[in-house]
Each structure stands twice: as structure tokens, then as C-alpha cells.
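*Asks:*
2 protein chains.
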Amino acid sequence: MKKIINDPYRVVEDTLSGILKAFPHHLKGTEASPRVLIRRDAPVRGKVGIVTGGGSGHLPLFLGYVGPGLADAVAVGNVFSSPSAEDMLAAIRAAEAGAGVLQLFGNYTGDVMAFEMAAEMAEAEGIHVKRVLANDDVVSAPPQEVSRRRGIAGIFFAYKIAGGKAQAGASLPEVAETARKTVENTRSMGVALSPCTIPAVGHPNFSVADDEMELGMGIHGEPGLRRAKLKTASEIASIMVGQVLEDLPFQRGDRVAVLVNGLGATPMEELFIFYDAAYDLLRHQGIEIHRAFVGEYATSMEMAGCSISLLRLDDELQQMLDMPAYSPFLLQWR
Amino acid sequence: MKKIINDPYRVVEDTLSGILKAFPHHLKGTEASPRVLIRRDAPVRGKVGIVTGGGSGHLPLFLGYVGPGLADAVAVGNVFSSPSAEDMLAAIRAAEAGAGVLQLFGNYTGDVMAFEMAAEMAEAEGIHVKRVLANDDVVSAPPQEVSRRRGIAGIFFAYKIAGGKAQAGASLPEVAETARKTVENTRSMGVALSPCTIPAVGHPNFSVADDEMELGMGIHGEPGLRRAKLKTASEIASIMVGQVLEDLPFQRGDRVAVLVNGLGATPMEELFIFYDAAYDLLRHQGIEIHRAFVGEYATSMEMAGCSISLLRLDDELQQMLDMPAYSPFLLQWR
Chain A
1 MKKIINDPYR VVEDTLSGIL KAFPHHLKGT EASPRVLIRR DAPVRGKVGI
51 VTGGGSGHLP LFLGYVGPGL ADAVAVGNVF SSPSAEDMLA AIRAAEAGAG
101 VLQLFGNYTG DVMAFEMAAE MAEAEGIHVK RVLANDDVVS APPQEVSRRR
151 GIAGIFFAYK IAGGKAQAGA SLPEVAETAR KTVENTRSMG VALSPCTIPA
201 VGHPNFSVAD DEMELGMGIH GEPGLRRAKL KTASEIASIM VGQVLEDLPF
251 QRGDRVAVLV NGLGATPMEE LFIFYDAAYD LLRHQGIEIH RAFVGEYATS
301 MEMAGCSISL LRLDDELQQM LDMPAYSPFL LQWR
Chain B
1 MKKIINDPYR VVEDTLSGIL KAFPHHLKGT EASPRVLIRR DAPVRGKVGI
51 VTGGGSGHLP LFLGYVGPGL ADAVAVGNVF SSPSAEDMLA AIRAAEAGAG
101 VLQLFGNYTG DVMAFEMAAE MAEAEGIHVK RVLANDDVVS APPQEVSRRR
151 GIAGIFFAYK IAGGKAQAGA SLPEVAETAR KTVENTRSMG VALSPCTIPA
201 VGHPNFSVAD DEMELGMGIH GEPGLRRAKL KTASEIASIM VGQVLEDLPF
251 QRGDRVAVLV NGLGATPMEE LFIFYDAAYD LLRHQGIEIH RAFVGEYATS
301 MEMAGCSISL LRLDDELQQM LDMPAYSPFL LQWR
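Line by line, the protein sequences give chains A and B.
Mapping the first sequence onto this note's numbering, position 299 (from 1) lands on 299, and the numbers just tick up by one.
Mapping the second sequence onto this note's numbering, position 133 (from 1) lands on 133, and the numbers just tick up by one.
Structure (C-alpha cells):
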């Protein structure tokens, strides 16, 4: 295991410590738990709070999506592990500013269990909580079982849009509805070229042969659609764009936002080569591209590979996607 | 070689094509050369132009530093190779808006030769050109031979500050002087844990044993200070911060900006663990940290490792560093 760390069992603590030292004007810790970080100015009076959380090892997920125009608080789990219900409850309390709280997170069993429990405890305290689960990964379950699908990088769109909606002063039901609409119109698929290593485990979580890739692999190394010989960027894009398009399905004339996300070790050059091919495929299908995001938005530590996410836009989603937002972890938009 | 590409000999063309498709509101190509990209609104009337360039394989270097408050035009070479003098000349012409042009780039022999030739041709056309070379890598030559040192990630500070100065309406001599002052007060050092592969070569450019790192390695795999057993993040930070501090030297009471840069494959979590240790070391030495940047600012494709850059600030440099700037490739600052 080749990592720049101090202790495999202190990776999360040391990461959070470094983040708070790097961005003290943006984030702060909480007294309730060292695993709960919040916007420096949280709770934001009168605004619907947005809380998220999940396992570590995916930066900028989840911490990078806390900030103005994004989420307000985050509960941080161990590497690839769910946060506790107590920490999620602390995050909800920290985000509550009188207008209720939206829980927005990826559809993973451990997270769902812990966050539901936290929501119940918060409701018992009089905090209104709604929940929206991102489930954009098209290969994680068939279309007739969408509720079983996992969330991957496409959750970026939901953070951005729900964050914009809340910032604009919408009510909890409105923010939740817009987040739900975003999730319903988002589809993603990934490809992995190499594994990653959980520090406390010390060896890679799977292997991919030197001339192979795994189509549809999840961001924790969950098995994908199939192993295949490594193909060209254009061929890989064709497979992935095809599968994503037919799932919703996206149709000629649809207006979309595109996210090409690097899983960790893949150079930005390769992400643009992939986007170059994806752009041509989408245009050829008559899809209108409103804007593109290319970079690392949801990683699996040092895994090589990428994912593509498409969001079908309507006027509301487009307006909220284009609203200003800020996080020092993120590529800039304006 | 495991890369998401189409053709090892078309990596740069495909990358640039993807970039122009992804960010059409930000960048545009030129008629003069497919290897010259410019700000959408270049030339910016009355503003000193800033041009840069260098080999590919380092994104967000160099293209990511083109934008408002940054550079105006860039000449793009093959992977790890210098751009041509003709392309640099085309970049200068595209950036010239009546106030002259600053060439700002890293100190590599091929770049220097090509860019000097381009500057002479531009001067012959009546364009005033000044040149500032970044040479922040402390291990690339001893202190008495600073002019032989290579530029690495610390050039980020020079882009940001010279870009701010030009944006603020300064003259060419003023912008060049502020860029020179930035370079003179910047020091960096890197560490590599794994190699990278030039696509047209097809195999890694060197190897590092499973339990080793190379301290001081350059961003093209240039040999560093020494091979050593892989140490903890705190120990690595201690060696690197120590060497950087004593080089300028930085002194108790100095105010600095810090950049912890990922070389490509190193997860953001590890960069924050490294920053956590560096912060403590700097504070212990009485160094005041004005702000920190943590992320990928100058990469070597899929190389694992990181670098640290320190910039000693005065009031002018701090003000220019904090000015707004925009590029879709970059982490956001404000």
C-alpha cells in the first residue's frame, strides 16, 4: 500500500484536521462530533438546511459540497463506511434554521438505515426532515428496480440544484421536490481501469487485468456490468453514453448537463478525450448540451476510470444549476 | 499502458478538442494554429497580455490558467515537450492588445529557446514583450544556481498574481516586476511515489519500488534528491517543508500562501493529510499562513505524489493573490 498517510486507522481524522486547517473561513467543526462539519455560517437563518453524508474516500464527495448554494452540514463516515445515526442527527441539528432540513445522499443501505434513524430522532425534536436519495447508477439495478440503484457522481447535480433552490428561499417541500426531480432526471455510468486500497485493509479491493476494464463498476468497487478488453476512449464513450441515454430514456431535442467525472487516478487529459467523444455522440443523437463539467467530482481514492452523468434539464433545473455556489473543493462554475 | 485514449499520437489533439467542446464560453481556438488557445474575449483592450505554454500532460497546467484574472493565451506542446516558436508567436499576437505581452512559463530549456525566438519575432513586429521564468523547484539546482532551477506547481502563484496585476490595469513593466517578485519569493519541492507513462512511449518513464519514494522528483520524472523508504505523511512533510523553508529562507513572522499540489493519482484525502502536517510545521516555525490551496494544480498525468509550494507575501502580492479570477479547470478562490 503506497499512500501519503500517517496511520491507516487515522486517515479520516487526519483528513478532516487538514481540511479544517486549509479552509477555516469556509468550514467549521461542531462540538457534537468530530465527524460533523458545517458551513462556517450555518445555520443560515430562514433557509432550508441541506445535510448530506457518507463514507470517506470520495473527495470532493461529500465534504466538498458544503457551502453557499450547496449543502450546510455533512456527517463523515470511515473509508467506504456509513456515518453513524448520531452524527447525522448532529448534522441535522446544525443545519436546522427554522425551515426544516433536507437529507440528500446516495442510496446505500448503511447510509439509508442510519439517516432514517437520525431523521426520526430529529422529527421527535420537532425538526421537519425530508429525504431524497440519489440513485443515478444505471447498471446497479434494472430500470424496473430503480429504488435499488446506487448513487454515484450524478449526485453533484442534486447538490447544486437543491442548494440553489434553498438559497433562493424555497420551502422544504419545494426544495425536496426539486431535488427529487433532479434525481429522477439524472443517469450515470462508470468504468474502472484499476482498483483502490482501503487504508485499514492494506491491499487492493479487486484486480483488473492489464488489458481489461470493468464497465459499470461502482465507486466502492461494486461489481459492474462486465469485464471487457480495454477499448478506445470513443468506444468506451459509445457504450456508456448509449446505456445512459436509453435508460431514462433521453430523447432527441432534450437539453442536458453533462458531467464527466474522474475516479481518482485518471488524468484530466483523458477526461477531456472522453468528453470529446461523448459530445459528438450526444450531438449525433440530437441532444442539446447546456453545459459540461469535467473533473473530479466523486472519486474512489486512487482508482483509475471515469463516469458520465447526464441530467435532463427543464427551465427550473437549468436556472438552479446555473446559480452561483461556492466550495474551495470544487471546480468553479459561473 | 492503461489509458482512456484513442491514439497515442493524437492525445493532445483529442484533449484540446474536448476542452473546446466543454468550455466554449471560456476558451476559443485560433486560426493561426490548432495548438494555440485563447480567452474567449482576447485580446482584452488596453490590458497587458499574458501568454504561457509548455508541454501537455500537466493539466490544469497550462491551459487551466487562461481566463479572467489569469493568462490570455497558451501555446500547447506535445506530451512533456515544448511548443514551437511559431505557436508561441501566434499566442503573443493573440494576446497583444496594445499594452505589450508578458511571457510567463517554467524554466525548461526547450521552452526557453522557443519562447525567446518567438519574443524576438514579436518585437520585430512592434509588440513589446517581457519574460518571467518560474524556477521554484528547490532541488533542481543549488541556491547559487537559481537560474538553472526548473518551474513546478509554484507557477500557479505567478499566474494568479500577474493576472491580477494586469487585470488591475498595470503597465507591462509593472506586471513583469510583480511576476518576477512572485517567482523570487516562491519555493517548492515534490515527492513521487509512482511513475507516469507518455502515451507515445507506452511504458512508465521510470520505476519506484513498492516501499520507496523519490524526494525532489520533477514533474517530467527528472531525478530528484534521493530515493528513500516511504515514510509517514508527517515525516515526508517535515523533510519537504524543512528544505523549502531553509532555501529562501523563510523566517519567523513571514506571511505565506501554501499550495499542496497533487501530481495526478494521489487522492485528495492524502493531500489534506499532508497539509495537516505541513500546517503544524509552519506554525511551529512561526510562519503565518494567509491562505492555503490544496488540490491538483500541476500534474504529471497519473503520477502519484505531491508537492508543496510556499510564497512569501507582502501586501501587494497578497492583494493580487486574493483578486477574483476564473477558469473552469481550477479550484475556486474568492
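Beta carbons are placed, not taken as given, at the ideal position from N, Cα and C, and that holds for glycine.
Predicted model, so just to flag it, every value in this text is computed and none were measured.
To be precise: take each residue of the segment 256 to 270 of chain B, compare its Cβ to all Cβ atoms of chain A, and keep it if any distance is under 7 Å. Which residues remain?
*Replies:* So the close ones are Gly-264, Ala-265, Thr-266, Pro-267, Met-268, Glu-269 and Glu-270.
*Asks:* In chain order, what residues of the same chain lie with their CB nearer than 7 Å to the CB of A/Ala-166, ignoring the 5 residues before and after it?
*Replies:* Cβ within range, chain order: Lys-47, Val-48, Ile-50 and Val-175.
*Asks:* Would A/Gly-54 count as contacting chain B if we go by Cβ distances under 9 Å?
*Replies:* Chain B contact via Cβ: absent.
*Asks:* Between A/Tyr-275 and chain B, is the shortest Cβ-Cβ distance under 9 Å, so that the two count as touching?
*Replies:* Yes, A/Tyr-275 lies at the interface with chain B (some Cβ there is under 9 Å from its Cβ).
*Asks:* Buried or exposed: where does A/Gly-163 fall if 16 or more other Cβ atoms within 10 Å of its Cβ makes it buried?
*Replies:* Result: buried.
*Asks:* Buried or exposed: which applies to B/Leu-321, given that a residue is buried once 16 or more other Cβ atoms fall within 10 Å of its Cβ?
*Replies:* Result: buried.
*Asks:* Mark B/Met-268 as exposed unless 16 or more other C-beta atoms lie within 10 angstroms of its C-beta, in which case mark it buried.
*Replies:* Buried, since its Cβ has 16 or more Cβ neighbours within 10 Å.
*Asks:* Check distances from the C-beta atoms of the segment 5 to 29 of chain A to those of chain B and list, in chain order, the residues that come in under 7 Å.
*Replies:* Residues passing the 7 Å Cβ filter: Ile-5, Asn-6, Val-11, Asp-14, Thr-15, Ser-17, Gly-18, Ile-19, Lys-21 and Ala-22.
*Asks:* Using the beta-carbon of each residue, which ones in chain A are nearer than 7 Å to B/Phe-80?
*Replies:* Near B/Phe-80 there are no residues of chain A at all, since even the closest Cβ is about 12 Å away, more than 7 Å.
*Asks:* Note down, in chain order, all residues in the segment 285 to 306 of chain B with a beta-carbon under 7 Å from any beta-carbon belonging to chain A.
*Replies:* Listed by position, the residues of the segment 285 to 306 of chain B near chain A (Cβ gap below 7 Å) are Ala-292, Val-294, Thr-299, Met-301, Glu-302, Ala-304 and Cys-306.
*Asks:* What does DSSP give as the partner residue(s) for A/Asp-137 in the beta ladder?
*Replies:* Partner(s): A/Ser-188.
*Asks:* Compare the Cα-Cα distances from A/Asp-247 to each of A/Asn-185, A/Ala-277 and A/Val-294 and report the closest residue.
*Replies:* Of the candidates A/Asn-185, A/Ala-277 and A/Val-294, the one whose C-alpha sits nearest the C-alpha of A/Asp-247 is A/Asn-185.
*Asks:* Roughly how many angstroms lie between the CA atoms of B/Glu-214 and B/Ile-236, to the nearest whole one?
*Replies:* Straight-line Cα distance between these residues: approximately 11 Å.
*Asks:* Whose CA, out of B/Leu-61, B/Leu-70 and B/Phe-80, lies closest to the CA of B/Val-101?
*Replies:* Taking only the C-alpha atoms, the option nearest B/Val-101 is B/Leu-70.
*Asks:* Can you list, in chain order, the residues of its chain whose CB lies under 7 Å from that of A/Gly-29, leaving out five sequence neighbours each side?
*Replies:* Counting only Cβ-Cβ distances below 7 Å, and skipping sequence neighbours, we find Leu-20 and Leu-37.
*Asks:* Tell me the rounded alpha-carbon separation between B/Asp-87 and B/Arg-35.
*Replies:* Each residue's Cα considered, the two are about 7 Å apart.
*Asks:* Is B/Lys-231 helix, strand or coil by DSSP?
*Replies:* It is coil, neither helix nor strand.
*Asks:* Check B/His-284 in the structure and name its three-state DSSP category.
*Replies:* B/His-284: helix per DSSP, three-state reduction.
*Asks:* At 8 Å on the CB atoms, spell out the chain A contacts of B/Ala-233, in chain order.
*Replies:* Those are Ile-4, Ile-5, Asn-6 and Asp-14, listed as they occur along chain A.
*Asks:* By Cβ distance, which residues of its chain are closer than 7 Å to A/Asp-314, with the 5 residues on each side in sequence left out?
*Replies:* Counting only Cβ-Cβ distances below 7 Å, and skipping sequence neighbours, we find nothing.
*Asks:* Indicate the three-state DSSP secondary structure (helix, strand or coil) for B/Gly-100 in the structure shown.
*Replies:* The answer is coil: DSSP assigns B/Gly-100 none of H, G, I, E or B.
*Asks:* When the cut-off is 9 Å and only beta carbons count, does B/Val-244 lie next to chain A?
*Replies:* No, its Cβ sits nowhere closer than 9 Å to a Cβ of chain A.
*Asks:* Let's test the definition: count the other Cβ atoms within 10 Å of the Cβ of B/Asp-111 and tell me whether it reaches 16, buried, or not, exposed.
*Replies:* It is buried - the Cβ of B/Asp-111 has at least 16 other Cβ atoms within 10 Å.
*Asks:* Where does B/Thr-266 fall in DSSP's three states?
*Replies:* Note: B/Thr-266 maps to coil in three-state DSSP.
*Asks:* Alpha carbon to alpha carbon, how far is B/His-284 from B/Arg-187?
*Replies:* Cα-Cα distance, rounded: 19 Å.
*Asks:* By the three-class DSSP mapping on this structure, what secondary structure does B/Pro-204 have?
*Replies:* In this structure, B/Pro-204 counts as strand in the three-state DSSP scheme.
*Asks:* List, in order along the chain, the chain A residues whose C-beta lies closer than 9 Å to that of B/Phe-272?
*Replies:* Near B/Phe-272 (Cβ distances below 9 Å), the residues of chain A are Asp-14, Thr-15, Leu-16, Ser-17, Gly-18, Ile-19, Lys-21, Ala-22 and Leu-59.
*Asks:* Give me the Cα-Cα distance between A/Pro-223 and A/Lys-231, rounded to the nearest whole angstrom.
*Replies:* So the two alpha carbons sit approximately 19 Å from each other.
*Asks:* Along chain A, in chain order, which residues have C-beta atoms closer than 7 Å to that of B/Ile-236?
*Replies:* Going along chain A in sequence order, the residues near B/Ile-236 (Cβ under 7 Å) are Ile-4.
*Asks:* Measuring alpha carbon to alpha carbon, tell me which residue in A/Gly-169, A/Ala-158 and A/Ala-170 is nearest A/Thr-182.
*Replies:* Among A/Gly-169, A/Ala-158 and A/Ala-170, the Cα nearest to that of A/Thr-182 belongs to A/Ala-158.
*Asks:* Determine the chain A residues that contact B/Leu-193 at a beta-carbon separation under 9 Å, and present them in chain order.
*Replies:* Per Cβ cutoff of 9 Å: Lys-2, Lys-3 and Ile-4.
*Asks:* Express the C-alpha separation of B/Glu-125 and B/Arg-149 in angstroms, rounding to a whole number.
*Replies:* Between B/Arg-149 and B/Glu-125, the C-alpha separation is close to 31 Å.
*Asks:* Between the C-alpha atoms of A/Met-251 and A/Ser-309, what's the straight-line distance to the nearest angstrom?
*Replies:* Strictly speaking, residue 251 of chain A in this sequence is Gln, with Met absent from that position. The alpha-carbon atoms of A/Gln-251 and A/Ser-309 are separated by roughly 15 Å.
*Asks:* Three-state secondary structure (DSSP) at B/Lys-160?
*Replies:* Reduced to three states, the DSSP call for B/Lys-160 is helix.
*Asks:* Hey, quick one: how far does the alpha helix (DSSP H) through A/Val-79 stretch, first residue to last?
*Replies:* A/Val-79 -> not in any alpha helix (DSSP H); beta strand (DSSP E) instead, spanning 73 to 79.
*Asks:* Answer with yes or no whether the minimum CB distance from A/Leu-311 to chain B is below 9 Å.
*Replies:* No, A/Leu-311 does not count as interfacial toward chain B.
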